[in-house]
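*Asks:* Mapping of the sequence shown onto this note's numbering: residues 1 to 346, in sequence order. Following this message is one structure expressed as structure tokens.
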Amino acid sequence: MSEKLKIGITMGDPASIGPEITVRAFADKALYEMCNPVVIGDADVMAEAVKIVGKPEIRINSIEKISDAKFEYGTIDVYDMKLVDISNFERGTVSVISGEAAFQYVKTVIELALAGEVDATVTNALNKEAINLAGHHYSGHTEIYADLTKTSKYSMMLAHENLRVVHVSTHVSLRKACDLVKKERVLEVIRIANNACKALGIESPKVGVAGLNPHSGENGLFGDEEILEIIPAIKQAKQEGIIVEGPIPPDTIFSKAKGGMYDIVVAMYHDQGHIPLKVLGFVYNQKEQKWDAVSGVNITLGLPIIRVSVDHGTAFDQAGMGTASELSLRNAIEYSILLANSKKIN
């Protein structure tokens, strides 16, 4: 047991599906065979989630320090923050209380990872409006992690099966995203992408770089960012020994990567990278009016600690139903173990 990696998993927004999909993930014995998982959250909320999901055989073990965890199948160890009054709590809504709790869970798991008490961190979804209402003015997990770990050079990576995407910019307006496409930032993200693939065990990664404009600018006809910023970054990366191609038109690069031509894609902005990943990973069953799959993960690269997240939101509309899919959370935990093992080896 002592040799297994300790994985700290935040509960996410208490009013979201986070507690429920956490219970569903922990109900799989295979999770305990892979790692020693512990939830950072509220024990009372997790106990209610056990009832909602219909897993009465699962026990909640409230702990105040990681060393008190049992790491036994059938028991969910909860690093109990005691931030939510279950008697005055409403699921499926944005609130200051839930926003504050969700932020504190993240802050705590970061502190535990920096102290070496957990080997990797996995985050369930939080609500950006809620954490901002609580006075924590961040646009998402990525920015919280970067700030609290004092990291200036970082990027978001999305992954679904063999398709991996890193972003030059994320949570900014589209107008500002275009302004952020600069040679140094593009080069920085190419380097981060290359290193991320190596951390995943890919010895000689092939990086594909997307253009910003339609047809990658068509030699300046539809914009000159490719000529002035992206191509110079790619040339510099090649001089550093990175196997990289581009700029490739955004409407074809993801199909090429999915087909195995590239190990990872550098996207220029948030939606350029998110849309193809979610088209593949999010599968809605029109006949049964439900999601058959919500898979894929979100990884923050460049941090001193490992952070992997589910690639979906809080899904307040599904909270309390007990039917939300835990697939993305399972994917995230598996990725965190892979990255933590690689970090130990290197």
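The C-beta atom is built at its ideal place from N, Cα and C for all residues, glycine as well. From a predicted model like this one, the values you see are computed outputs, not experimental measurements.
What is the DSSP secondary structure of proline 247, reduced to helix, strand or coil?
*Replies:* Strand.
*Asks:* Please identify the residue among Asn162, Arg24, Glu288 whose C-alpha is closest to the C-alpha of glycine 201.
*Replies:* Nearest C-alpha to glycine 201: Asn162.
*Asks:* Flag this pair as touching only if the stretch 46-55 and the stretch 142-158 have three or more C-beta atom pairs under 8 Å; answer yes or no.
*Replies:* As far as the Cβ criterion goes, the stretch 46-55 does not touch the stretch 142-158, which means the pair count is below three.
*Asks:* Apart from the five residues just before and just after asparagine 194, which ones in its own chain have a Cβ nearer than 7 Å to its Cβ?
*Replies:* Same-chain partners within the cutoff: Pro205, Val207, Ile242.
*Asks:* Out of Leu133, Leu301, Asn61, which has the shortest C-alpha to C-alpha gap to alanine 102?
*Replies:* For alanine 102, the nearest C-alpha among the options comes from Leu133.
*Asks:* Would valine 84 be called buried (16 or more neighbouring beta carbons within 10 Å of its own) or exposed?
*Replies:* With 16 or more Cβ atoms within 10 Å of its Cβ, valine 84 is classed as buried.
*Asks:* Using CA atoms only, rank isn't needed, just tell me which of Asp263, Met321, Lys70 is closest to glutamate 20.
*Replies:* If we check each option's Cα against that of glutamate 20, Met321 comes out closest.
*Asks:* Could you tell me which of Glu111, Ser67, Asn124, Arg164 sits nearest to lysine 256, measuring between CA atoms?
*Replies:* Minimum Cα distance to lysine 256 is reached at Arg164.
*Asks:* Is lysine 128 buried or exposed, if buried means 16 or more other CB atoms sit within 10 Å of its CB?
*Replies:* Flag for lysine 128 reads buried.
*Asks:* Would DSSP call glycine 281 helix, strand or coil?
*Replies:* Looking at glycine 281 - three-state DSSP - the assignment turns out to be helix.
*Asks:* Measuring alpha carbon to alpha carbon, tell me which residue in Arg59, Asp119, Leu126 is nearest serine 16.
*Replies:* If we check each option's Cα against that of serine 16, Leu126 comes out closest.
*Asks:* Could you give the uninterrupted runs of the beta strand (DSSP E) lying entirely in the stretch 289-342, keeping only those of 3 residues or more?
*Replies:* Fully enclosed beta strand (DSSP E) runs of 3 or longer: 290-294, 297-301, 307-310.
*Asks:* Rounded to whole angstroms, what's the CA-CA distance from tyrosine 335 to valine 172? Just pull it up for me.
*Replies:* Rounded to the nearest angstrom, the two C-alpha atoms are 27 Å apart.
*Asks:* Which residues does DSSP list as the beta-bridge partners of serine 155?
*Replies:* DSSP, once it has assigned bridges, lists Leu301 as partnering serine 155.
*Asks:* How should isoleucine 86 be labelled, buried or exposed, when 16 other C-beta atoms within 10 angstroms of its C-beta is the threshold for buried?
*Replies:* It counts as exposed.
*Asks:* Name the one or two DSSP bridge partners that glycine 41 has.
*Replies:* Answer is Asp80, bridged to glycine 41.
*Asks:* So, do the stretch 259-272 and the stretch 172-189 have three or more beta carbon pairs nearer to each other than 8 Å?
*Replies:* They touch, by the three-pair rule.
*Asks:* Quick one: any contact between the stretch 274-283 and the stretch 223-241, if contact means 3 or more CB pairs under 8 Å?
*Replies:* No, the stretch 274-283 is not in contact with the stretch 223-241.
*Asks:* Have a look at isoleucine 234 and glycine 223 and give me their C-alpha separation to the nearest angstrom.
*Replies:* Those two C-alpha atoms are separated by around 18 Å.
*Asks:* I'd like to check one pair, leucine 301 with glutamine 236: are the Cβ atoms closer than 7 Å?
*Replies:* The answer is no: Cβ separation not under 7 Å.
*Asks:* Per DSSP, what kind of secondary structure is serine 98 in: helix, strand or coil?
*Replies:* Serine 98: helix per DSSP, three-state reduction.
*Asks:* Tell me the rounded alpha-carbon separation between tyrosine 32 and glycine 313.
*Replies:* Cα-Cα distance, rounded: 25 Å.
*Asks:* Out of Val310, Leu303, Pro214, point me to the one whose CA is closest to valine 282's CA.
*Replies:* Rather than valine, the amino acid found at residue 282 in this sequence is phenylalanine. The shortest Cα separation from phenylalanine 282 among Val310, Leu303, Pro214 belongs to Val310.
*Asks:* Bridge partners for threonine 108 per DSSP, in chain order?
*Replies:* Partner(s): none; threonine 108 has no beta bridge.
*Asks:* Specify the secondary structure class of histidine 141 as computed by DSSP and reduced to three states.
*Replies:* If DSSP states are grouped into helix, strand and coil, histidine 141 belongs with the helices.
*Asks:* On the premise that alanine 25 lies in contact with arginine 330, defined as a C-beta separation below 8 Å, what is that separation, rounded to the nearest angstrom?
*Replies:* Between alanine 25 and arginine 330 the Cβ distance is about 5 Å, and since that is below 8 Å, they are a contact.
*Asks:* Give me the DSSP bridge partner(s) of serine 62.
*Replies:* DSSP, once it has assigned bridges, lists Val78 as partnering serine 62.
*Asks:* Confirm, please, whether the CB-CB distance from tyrosine 105 to isoleucine 192 is below 7 Å.
*Replies:* It is not a contact, given that the beta carbons lie outside the stated cut-off.
*Asks:* What is the DSSP secondary structure of leucine 221, reduced to helix, strand or coil?
*Replies:* Looking at leucine 221 - three-state DSSP - the assignment turns out to be coil, as it is neither helix nor strand.
*Asks:* From the DSSP secondary-structure annotation, give me the bridge partner or partners of arginine 164.
*Replies:* Bridge partners of arginine 164: Ala159.
*Asks:* Threonine 10 and valine 109: beta carbons closer than 7 Å?
*Replies:* For threonine 10 and valine 109, yes; Cβs fall inside 7 Å.
*Asks:* Per DSSP, what kind of secondary structure is asparagine 124 in: helix, strand or coil?
*Replies:* Note: asparagine 124 maps to coil in three-state DSSP.
*Asks:* Is the beta carbon of histidine 167 less than 7 Å from the beta carbon of glycine 296?
*Replies:* The answer is no: Cβ separation not under 7 Å.
*Asks:* Less than 6 Å between C-beta atoms, sequence neighbours within five positions excluded: which residues of the same chain meet that for serine 98?
*Replies:* Once the five neighbours on either side are set aside, the close Cβ partners of serine 98 are Asp13, Pro14, Ala15, Ala130.
*Asks:* Check whether the Cβ atoms of cysteine 35 and lysine 4 sit closer than 7 Å, and answer yes or no.
*Replies:* Yes; because the gap between Cβ atoms is below 7 Å, this pair is in contact.
*Asks:* Compare the C-alpha of glutamate 100 against each of Ala120, His136, Ala115 and name the closest.
*Replies:* Comparing Cα positions, the closest option is His136.
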